[in-house]
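The block underneath contains the structure these notes are about, expressed in structure tokens.
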Amino acid sequence: MKLLRHPSSIRVLISFLQAHAVILLLFLLLPLAAAAESAQRQWAGNWLVVSEGDDQLVWQLHADGSGFAYGFHPSGRLSHGFAISWQLKGDRVRVRTGASVRCTAGVIAVSFTGWSPVTLDFSVVDGRHWLQDGGGLLSFQRRLSSWNTPRAGSSCPDLAS
């Protein structure tokens, strides 16, 4: 007991308690982080998406939070696209756009001017629907197993073929 009265002993005890508190906190938070990563992994893949305006889209979502979103004309030809950065947090999804993808004279053209300062926020309504804050509903129709990422200089993809 005499050692506990010395200031150096109190510092050692406080340090010991702080270390245990940090370990306990990590023990409790790591499963939550793993669950969020697992949920994001479930959304990863190539999806045919329909927006509220009946636009056909292909969203290519990678588990690491990168991806692309492509828009198509009613005829099935690519009209535009963007590189995206997406992050799932609980029932919310945050999306930022980056490089733009265009179809010019039947050939893919890509330009990158940096990431957009604007973040699109979505609520995950259920297993297949995302509702944009102040916007429309995205409906994830089905996975596209045969989708190939269009590369700069290659032919523009066509959903109809």
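Per this note's numbering, the sequence shown starts with residue 653, numbered consecutively.
Even for Gly, the Cβ is constructed at its ideal location relative to N, Cα and C.
**Prompt:** Arg693 to Gly717, Cα distance in whole Å?
**Reply:** Reading the sequence shown from its first residue, position 41 is the one you call residue 693. Reading the sequence shown from its first residue, position 65 is the one you call residue 717. Distance between the alpha carbons of Arg693 and Gly717 is about 9 Å.
**Request:** Using 10 angstroms around the beta-carbon of Ala721, count the other beta-carbons present and answer buried if the total reaches 16, otherwise exposed.
**Result:** In the sequence shown, counting from the first residue as 1, residue 721 sits at position 69. Buried is the call here.
**Request:** Determine the direct distance from the alpha carbon of Leu709 to that of Leu676, and round the result to whole angstroms.
**Result:** Here the question's residue 676 lines up with position 24 in the sequence shown. Here the question's residue 709 lines up with position 57 in the sequence shown. With a pLDDT of 42 at Leu676, under the threshold of 50, the modelled position of that residue is not reliable, and no figure is offered here.
**Prompt:** If you check the beta carbons only, do Gly632 and Trp767 fall under 8 Å apart?
**Reply:** Outside the shown range of the chain (653 to 813) lies residue 632, about which nothing can therefore be said.
**Message:** Our contact map puts Trp799 next to Asn698 with C-beta atoms below 8 Å; I'd like the distance itself, whole angstroms only.
**Reply:** Here the question's residue 799 lines up with position 147 in the sequence shown. Here the question's residue 698 lines up with position 46 in the sequence shown. Between Asn698 and Trp799 the Cβ distance is about 4 Å, and since that is below 8 Å, they are a contact.
**Message:** Using the Cβ count rule (16 or more neighbours within 10 Å means buried), how would you classify Gln793?
**Reply:** Walking along the sequence shown from the start, residue 793 turns up at place 141. Result: exposed.
**Asked** Val759: buried (16+ other C-beta within 10 angstroms of its C-beta) or exposed?
**Response** The count along the sequence shown starts at 1 and reaches residue 759 at position 107. Its Cβ having fewer than 16 others within 10 Å, Val759 is exposed.
**Message:** Buried or exposed, going by whether 16 or more other CB atoms sit within 10 Å of the CB of Phe724?
**Reply:** The residue labelled residue 724 in the question sits at position 72 within the sequence shown. Its Cβ being crowded by 16 or more others within 10 Å, Phe724 is buried.
**Message:** Any beta carbon from chain C within less than 8 Å of Arg795's own beta carbon?
**Reply:** Of the chains in the structure shown, none is chain C; there is only one protein chain.
**Request:** Measure the alpha-carbon distance for His732 versus Asp785 and round it to whole angstroms.
**Result:** Within the sequence shown, residue 732 is the residue found at index 80, counting from 1. Within the sequence shown, residue 785 is the residue found at index 133, counting from 1. Distance between the alpha carbons of His732 and Asp785 is about 22 Å.
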